[in-house]
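Trainee: Numbering (the working numbering), first residue to last: 36 to 481. Sharing a structure, written as structure tokens. Questions coming.
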Ligand SMILES: Cc1cc2nc3c(=O)[nH]c(=O)nc-3n(C[C@H](O)[C@H](O)[C@H](O)COP(=O)(O)OP(=O)(O)OC[C@H]3O[C@@H](n4cnc5c(N)ncnc54)[C@H](O)[C@@H]3O)c2cc1C
């Protein structure tokens, strides 16, 4: 039996960060991380294996991340947690005792009940090197690819599948728009136009009813009765919390089927067991209601909180804001917090401020891209509830600035006086800075 002060189960986004946060505060503690994979993928990089990056091996989290932070690694699948004995056991018989345990077992892809899903060349988005390697090999010579699901995973897969591959790619999305759960309709339309421009076919308000073919997929049947040819089908419709191990250990499971935790990431059942990342239940920053958001950025924030709180309570989880971004070709889209649609569904009366300007100045600077910022404020008190953005690559960090403004509960008036730094080659002009302009226009309406 190995003896650890802290055992962490899970080696992707949340697990290592929880271990590192603990070691930064308690360098004397022995942290053992147990994960089932030989090699761990950068989960968010998976779609890029099929285009930009080119192989699973170029999309790995290096094990040096653990060794450089003094974390010991055991490769093996944990099959049992004995909370009385404070130990965990792997399938191959390794036993690790712990003082504190962190569950970071993540999520698993959702399977839809579509007939024919078990046919050859129908793939789900698994975080598994060998599986993705096989998928990449299969995709090398194919002509027709159907992606089921137009959320960010489906959209990224579709866009990447067009790179270095002469294939017809179609997205089938059940909702009226791709990316509808993350963006307001005007951004969804812009994203769909980008996809179409890049020769990806987008079918919305359509459901795949069946996957056709003998052993191997040959096509899909749509809800309107039409059929599409398909050599490969990719199912990218989201994930569910991987909480079975915790449930088996008697830990309380929440409404979203994730492990219930308090604001300090402690499980509700056992103060020595913490959970973070996709396997842990989340609460909305805005309403406090359970949230189904699952993002690596959320996972690592929760892991920092869990890691810091293991031996003393130090950090509190404010709830998930949800900061999301993606890119189609050279056009990027993002949202932080609530969209206008969701804010209204939550009962807020809203005031909108919008501004579009280049993200360099003058606009003739190399790499400049027109960048649109839409800010959503509560009419009642002027608080920033959310922001949607489309533009060039610079929007990735702009989303994070908007998130900071939401997190620290800034009002339209405060955002309008935000003190930014600007440079012609790096940012928008201070005269037409989109964030402050959008806020100032909203102030005028409040
Ligand atoms: C294609 C794709 C693209 C994405 N893009 C983005 C993005 O751009 N931005 C973003 O923020 N998020 C993105 N996400 C979401 C993000 O990947 C997840 O939120 C993140 O991976 C969660 O990290 P995690 O550590 O909680 O869980 P996971 O990544 O699911 O990792 C769980 C870990 O636990 C291990 N494990 C599970 N059970 C056991 C066991 N019994 N014994 C031992 N080990 C076990 C697994 O092997 C794994 O190492 C994307 C997801 C996908 C699938």
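The C-beta atom is built at its ideal place from N, Cα and C for all residues, glycine as well.
1) Measure the beta-carbon distance from residue 237 to residue 174 and round it to whole angstroms, keeping in mind my assumption that it falls under 8 Å.
2) Pull up the distance between the alpha-carbon of residue 200 and that of residue 235, whole angstroms please.
3) Put residue 389 into one of helix, strand or coil per three-state DSSP.
4) Under three-state DSSP, which class holds residue 344?
5) In whole angstroms, give me the CA-to-CA distance for residue 329 and residue 212.
6) Flag this pair as touching only if the region 251-261 and the region 216-226 have three or more C-beta atom pairs under 8 Å; answer yes or no.
7) CA-CA distance, residue 327 and residue 207?
8) Answer yes or no: do residue 272 and residue 180 have a C-beta to C-beta separation smaller than 8 Å?
9) Any heavy atom of ligand 1 closer than 7 Å to the Cβ of residue 332?
10) How long is the line joining the alpha carbons of residue 165 and residue 269, rounded to whole angstroms?
11) Any chance you could list the alpha helix (DSSP H) runs of at least 4 consecutive residues sitting entirely within the region 306-345, in chain order?
12) Would you kindly work out how many angstroms separate the C-alpha atoms of residue 312 and residue 126, rounded to a whole number?
13) Quick one, which of 423, 382, 450 has its alpha-carbon nearest residue 216's?
14) Beta-carbon separation of residue 195 and residue 82 under 8 Å?
15) Take residue 86 as the anchor and find which of 198, 367, 106, 115 has the nearest alpha-carbon.
16) For a quick check, are the C-beta atoms of residue 315 and residue 294 less than 8 Å apart?
17) Which partner residues does residue 301 have in the DSSP bridge list?
18) Going by other Cβ atoms of all chains shown within 10 Å of its Cβ, with 16 needed for buried, is residue 231 buried or exposed?
19) List the residues that DSSP assigns as beta-bridge partners of residue 179.
20) Taking the C-alpha atoms as reference points, what is the distance between residue 109 and residue 475?
21) Count the other CB atoms within 10 Å of the CB of residue 396; is the residue buried (16 or more) or exposed (fewer)?
22) In chain order, which continuous runs of the beta strand (DSSP E) of length 3 or greater are located wholly inside the region 400-444?
23) Whose C-beta lies closer than 8 Å to the C-beta of residue 377 among residues of the same chain, with five residues either side of it excluded?
24) Could you tell me whether the Cβ atoms of residue 434 and residue 358 are closer together than 8 Å?
25) Between which two residues does the alpha helix (DSSP H) carrying residue 450 extend?
26) In its own chain, which residues sit with a C-beta less than 7 Å from the C-beta of residue 349, not counting the 5 before and 5 after it?
27) According to DSSP, residue 361 sits in a beta bridge with which residue or residues?
28) Three or more C-beta pairs under 8 Å: does that hold for the region 460-467 against the region 366-383?
29) Run through DSSP, which three-state label would residue 161 get?
30) Starting from residue 56 and walking both ways along the alpha helix (DSSP H), at which residues does that stretch end?
31) Less than 7 Å separating the Cβ of residue 433 from some heavy atom of ligand 1?
32) Only counting the same chain, and skipping five residues up and downstream in sequence, which positions put a Cβ closer than 8 Å to that of residue 483?
33) Jot down the residue ranges of each uninterrupted beta strand (DSSP E) in the region 244-298, minimum 3 residues, whole runs only, in chain order.
34) Buried or exposed: residue 406, going by 16 or more other Cβ atoms within 10 Å of its Cβ?
35) Using 7 Å as the cut-off, classify the Cβ of residue 81 as near or not near the heavy atoms of ligand 1, replying yes or no.
Mentor: In terms of the structure at hand:
1) Rounded to whole angstroms, the Cβ separation of residue 237 and residue 174 is 20 Å, and the two are not in contact under 8 Å.
2) When rounded, the separation of the alpha-carbon atoms in residue 200 and residue 235 is 12 Å.
3) DSSP places residue 389 in strand when its eight states are reduced to three.
4) Reduced to three states, the DSSP call for residue 344 is helix.
5) Going by the C-alpha atoms only, they are around 20 Å apart.
6) Note that the region 251-261 does not touch the region 216-226; fewer than 3 beta-carbon pairs, one per stretch, sit closer than 8 Å.
7) Residue 327 and residue 207: Cα-Cα distance of roughly 22 Å.
8) In this structure, residue 180 does not lie closer than 8 Å to residue 272 by Cβ.
9) Taking non-hydrogen atoms of ligand 1 into account, the C-beta of residue 332 is found less than 7 Å away from one of them.
10) Their Cα atoms are separated by approximately 16 Å.
11) Correct list: 331-344.
12) Rounded to whole angstroms, residue 312 to residue 126 spans 23 Å at the Cα level.
13) Considering only alpha carbons, the answer is 423.
14) For residue 195 and residue 82, yes; Cβs fall inside 8 Å.
15) Minimum Cα distance to residue 86 is reached at 198.
16) Remark: C-beta atoms of residue 315 and residue 294 approach each other more closely than 8 Å.
17) Assignment of beta-bridge partners to residue 301 by DSSP yields 309.
18) Around the CB of residue 231, fewer than 16 other CB atoms lie within 10 Å, so the residue is classed as exposed.
19) Residue 179 is bridged to 203.
20) Straight through space, the alpha carbons of residue 475 and residue 109 are spaced by roughly 54 Å.
21) Burial check for residue 396: the Cβ neighbour count within 10 Å reaches 16 or more, so the residue is buried.
22) For the region 400-444, the full-length beta strand (DSSP E) segments reaching 3 residues or more read 405-413, 419-426 along the chain.
23) If you ignore the 5 residues before and after residue 377, its C-beta comes within less than 8 Å of the C-beta of 421, all in its own chain and listed in chain order.
24) It is a contact, given that the beta carbons lie within the stated cut-off.
25) Element bounds for residue 450: 447-451.
26) Closer than 7 Å at the Cβ level, and outside the excluded window around residue 349, lie 343.
27) Looking at the DSSP assignment, residue 361 forms a beta bridge with 368.
28) Taking a cut-off of 8 Å on C-beta distances, the region 460-467 does not touch the region 366-383, as fewer than three cross pairs fall below it.
29) Residue 161 falls in the coil class under three-state DSSP.
30) Start and end: 49-60.
31) Not under cutoff, so the answer is no.
32) The chain is shown only over 36 to 481; residue 483 falls outside these bounds and no answer can be derived.
33) Segments of the beta strand (DSSP E) lying fully in the region 244-298: 252-257, 262-264, 267-270, 274-276.
34) Counting C-beta atoms within 10 angstroms of its own C-beta, residue 406 has 16 or more neighbours from the protein chains shown and is therefore classed as buried.
35) Yes, since a heavy atom of ligand 1 falls inside the 7 Å radius drawn around the Cβ of residue 81.
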